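Working notes for the structure below.
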Amino acid sequence: AEYETILVETRGRVGWITLNRPEALNALNSQVCRDVVAAASVFDADEGIGAIVVTGSERAFAAGADIKEMESKNGLEMLMGDHFGGWTQFAAVRTPVIAAVSGYALGGGCELAMMCDIILAADTAKFGQPEINLGVIPGMGGSQRLIRAVGYYKAAELILTGRMMDAAEAERSGLASRVVPAADLLAEAQKTAEAIASKSLPSLYAAKAVLDAALETPMAEGLRLEKHVFASLFDTADQKEGMAAFREKRAPEFKGR
Ligand code: HXC
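The UniProt record's numbering runs 6 ahead of the 1-based position in the sequence shown.
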């Protein structure tokens with residue numbers, strides 16, 4: 007196979023990446039990072055793909071960074087090897103990404119889910135940042151992304167105690183976009199991804215770009231960006247088509263242009 011640690015599949019306009027290291031509960035080692043980043047980049051470059059789903063197994067989305075791979079490293083090796091740096095490329099994908107989470111999403115697994123745009127959780131999902139139990143802290147963005155998702159006090163409690171939260175708590179806290187019965191997770195992910203992938207691709211890229219910017223820019227700057235990105239979409243054929251379709255009371259036929 008082209009990839010060692012993931013399964014890759016295209017269903018209509020949706021690209022699927024399934025983490026596949028069952029022997030390690032999908033622990034994220036360097037190979038997983040290379041595989042996921044490569045597969046996501048291929049989907050991202052393909053105009054036939056309008057949404058990506060990342061999922062794991064029923065038992066685990068991912069139980070974290072691979073502890074056995076990290077254990078013997080020293081600080082200089084972690085830094086100079088930029089041990090988790092590849093994931094930055096995954097977070098920078100333009101295409102909307104849905105994390106379909108069943109079972110454990112811990113440490114790097116929770117952080118991977120938070121690099122996605124939508125977190126669809128099975129009612130069996132368990133989220134947490136247990137790094138403190140290993141004598142370390144979140145290292146793939148958890149300290150920054152979790153606080154933005156759930157606020158300071160919830161994030162601090164989770165990161166300082168290392169406890170897990172279930173799907174219901176994750177949804178209440180604003181980490182899970184939506185919770186569905188475990189048996190429906192993959193079908194719901196495909197349905198949600200198809201709904202997204204049916205939109206105009208330039209508008210999807212634009213929406214993701216301004217959403218991302220909102221997490222790191224002051225309000226006034228974010229609003230200026232929105233104004234320009236919004237205006238730029240009026241140069242697409244899809245905007246004319248979308249608005250004409252509304253006026254003519256029919257479904258739009260977007261061309262991705
Ligand atoms: C490597 C892992 C792993 C991990 C599980 N495994 N998690 N290997 N890295 N993160 C392996 C186990 O060693 C075991 O392999 C197999 O997967 C099954 O796991 P069990 O522990 O036997 O399963 P279970 O008893 O059901 O417990 C499930 C679990 C537990 C609660 C999820 O596996 C667990 O606590 N995992 C570690 C969670 C964690 O601490 N994640 C954060 C990692 S640090 P063998 O071969 O022994 O049977 C991180 C942050 C990165 O992600 C930044 C820090 C620098």
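We put the CB at the ideal spot given by N, CA and C, even for glycine.
These numbers were taken from a predicted model, which means no experiment stands behind them.
Segments of 3+ residues assigned as beta strand (DSSP E) that fall wholly inside the segment 166–250 | 170–172 and 184–186
May I have the straight-line CA-CA distance separating ALA250 from PRO258, to the nearest angstrom?
-> 8 Å
Which of the three DSSP states, helix, strand or coil, is assigned to LEU118?
-> helix
Measure the C-alpha to C-alpha separation of GLU75 and ALA33 and round it to an integer number of angstroms.
-> 10 Å
Beta carbon of ALA182, beta carbon of ALA127: below 8 Å?
-> yes
So who's on the other strand from THR16, going by DSSP bridges?
-> GLY21
Who are the near neighbours of LEU13 in its chain, counting only those whose CB is closer than 6 Å to its CB and skipping five residues on each side?
-> THR24 and ASN26
Which residues mark the beginning and the end of the alpha helix (DSSP H) in which PHE133 is found?
-> First-last for PHE133: 132–134, but that is the beta strand (DSSP E), not the alpha helix (DSSP H).
Closer than 7 Å: LEU31 CB and nearest ligand 1 heavy atom = yes
Considering only the beta carbon of each residue, do MET121 and GLY147 sit closer than 8 Å?
-> yes
Ignore the nearest five residues each way along the sequence and tell me which others in ARG154's own chain have a CB closer than 7 Å to its CB.
-> LEU221
First through last residue of the beta strand (DSSP E) which encompasses ALA46 | Counting along the chain, ALA46 falls outside any beta strand (DSSP E), though it belongs to the alpha helix (DSSP H) covering 36–51.
Coarse secondary structure for VAL142, derived from DSSP in three states | coil
Comparing the CB of LEU164 with every heavy atom of ligand 1, is any distance shorter than 7 Å?
-> no
Measure from the alpha carbon of LEU118 to the alpha carbon of each residue in LYS160, LYS261 and GLY62, then state which is nearest.
-> GLY62
By DSSP, does TYR110 sit in helix, in strand, or in coil?
-> strand
Rounded to the nearest angstrom, how far is the Cβ of GLU194 from that of VAL20, given a contact under 8 Å?
-> Incorrect: roughly 12 Å between the Cβ atoms, too far for contact.
With DSSP run on the structure shown, which of helix, strand or coil describes ALA127?
-> strand
ALA173 and ALA131 closer than 8 Å at C-beta | yes
Beta-carbon proximity check, ILE124 vs THR198, cutoff 8 Å | yes
How far does the beta strand (DSSP E) with ALA71 in it reach, from first residue to last?
-> Segment: none, ALA71 is in no beta strand (DSSP E) and carries neither H nor E.
Indicate whether GLY204 and ASP244 have their beta-carbon atoms separated by less than 8 Å.
-> Correcting the residue identity first, residue 204 is Ser in this sequence and not Gly. No; because the gap between Cβ atoms is not below 8 Å, this pair is not in contact.
Below 8 Å between beta carbons: does that hold for TYR211 and ARG100?
-> yes
How would you call ASP72, buried or exposed, if buried means at least 16 neighbouring beta carbons within 10 angstroms?
-> buried
Measuring alpha carbon to alpha carbon, tell me which of PRO136, GLU175, VAL235 and SER108 ends up nearest ASP190.
-> SER108
According to the neighbour-count rule (16 or more other Cβ atoms, all chains shown, within 10 Å of its Cβ), is SER206 buried or exposed?
-> buried
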